[in-house]
Amino acid sequence: MRYLLVAAIMIACPAMLRSQVYQNDAGSKAKHFLYEVKQINEFFERFNNDTASYIREIYRDKGVKFRVQRPALIRSLFNTETRQWNKSTVDSFVTNALQVEMPNKRRFYGGNWYAEASSLFEYNGETIVIPIILAIDTDDRNRSKWLIVGVKADMLAAESNNVKGVKIASPEKFISPAGHSNYFIEFSRVFDDKASLAAYFDPLFFNTRHGAAFYNAVQSGHARFISVKELKFHFLQVRNYIFTVEQFKRETLNSGWLINTLRTASISEKESFRKTLLGR
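Heads up, the sequence shown is in this note's numbering, so the first residue is 348 and it goes up one at a time.
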């Protein structure tokens, strides 16, 4: 129970987390496991101060009242180990963030956030990195899935930029809405499914700068998927801000999925960011 009280104090005072390396004992490991933001879904829970969050469940199980307020929880989601943050910028961001609810168990959809999966492909005998951009798509029955909405693939310029005979997507072919939790391991299945390949792409993808070239490279077998090297998430929901969340695997309490970049952005700047991200 003592480690819960210590963890609560540290969440309320994020500066205390910097360089706090956990020791090799049961109590310290438990505290690290509790504090680490293990999944992006857990990031959402803390950002929203969700009453059904994992961290609150642990406190309830131990009979300890969880007293940390949402502003402190949001501040604890910054990477303070390798980044320094301007206090006034963070204060302004937190104020605006309190007006926003991130995706959650009840509402895992909506625009304004994207996954960026930097993926390894074998192409022309070399291993290359192609960032693949995905967004959550939800139908009129509230069924969600990930769709590929953009790529950054200048290296595929030699591929045909025309797509012919693309079949309309089949509803039973999709990327799981939980695919991000395992670094989109199902990309292997997706990119091998040549007959239904178009089902995994947003229709507007083929109008992006490198969309057709990427599709043709995968469809022809010129580009062969190996694995996802790195995963990050971009969020545009908070008024006046864009922020990116990345995973930090380290033996400190300030670890897991954390905010690593934060920039101010007007509505027009957000649209420009979106167009650049999607390659439109």
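Beta carbons: idealized from backbone N, C-alpha and C, even for Gly.
Inside the segment 401 to 438, DSSP marks whole alpha helix (DSSP H) runs of 4 or more residues at positions 401 to 408, 417 to 422, from first to last along the chain. A Cβ-Cβ distance of about 6 Å is found for the pair V498 and I477, placing them in contact under the 8 Å criterion. The Cβ atoms of G603 and E428 lie no closer than 9 Å to each other. Per the DSSP secondary-structure output, R610 pairs in a beta bridge with I589.
Between the beta-carbon of F413 and that of R403 there is about 5 Å, and that keeps the pair under the 8 Å contact cut. Inter-residue distance for A570 and F440 is about 41 Å (C-alpha atoms, whole angstroms). If you draw a 10 Å sphere on the C-beta of S400, you find 16 or more other C-beta atoms in it, and that means buried. Counting along the chain, the unbroken beta strand (DSSP E) around E469 starts and ends at 460 to 470. Looking at the DSSP output, T623 shares a beta bridge with no other residue. The C-beta distance from A504 to A464 rounds to 21 Å, too long to meet the 8 Å contact threshold. In the structure shown, F595 falls within a strand segment according to DSSP collapsed to helix, strand and coil. The beta carbon of L481 sits closer than 6 Å to those of A462, W493, I495, all from its chain and outside the five residues before and after it, given in chain order.
Across the structure, D487 and Y470 are spaced so that their CA atoms are roughly 38 Å apart.
Per DSSP, the unbroken alpha helix (DSSP H) holding V565 starts and ends at 558 to 567. With the rule of 3 Cβ pairs closer than 8 Å, the segment 591 to 602 counts as touching the segment 568 to 582. M502 and A542 have their C-alpha atoms roughly 25 Å apart. The three-state secondary structure of L481, taken from DSSP, is strand. Taking the C-beta atoms as reference points, T436 is found nearer than 9 Å to T611. Non-local C-beta neighbours of I387 in its own chain, meaning closer than 8 Å and more than five positions away in sequence, comprise H527, S528, F580, V592, W604, ordered along the chain. Taking all protein chains shown into account, L609 has 16 or more neighbouring C-beta atoms within 10 Å of its C-beta and is therefore buried. In the three-state scheme derived from DSSP, where H, G and I count as helix and E and B as strand, L445 is classed as coil.
Separation of K617 and I589 (C-alpha to C-alpha, rounded to the nearest whole angstrom) is 7 Å. When C-alpha distances from F548 are compared across G458, F572, S517, the shortest belongs to S517. Around Q584, the same chain offers V447, N459 as residues with beta carbons nearer than 6 Å, after the five sequence neighbours per side are excluded. The residue among V411, D484, S615 with its C-alpha nearest the C-alpha of P550 is D484.
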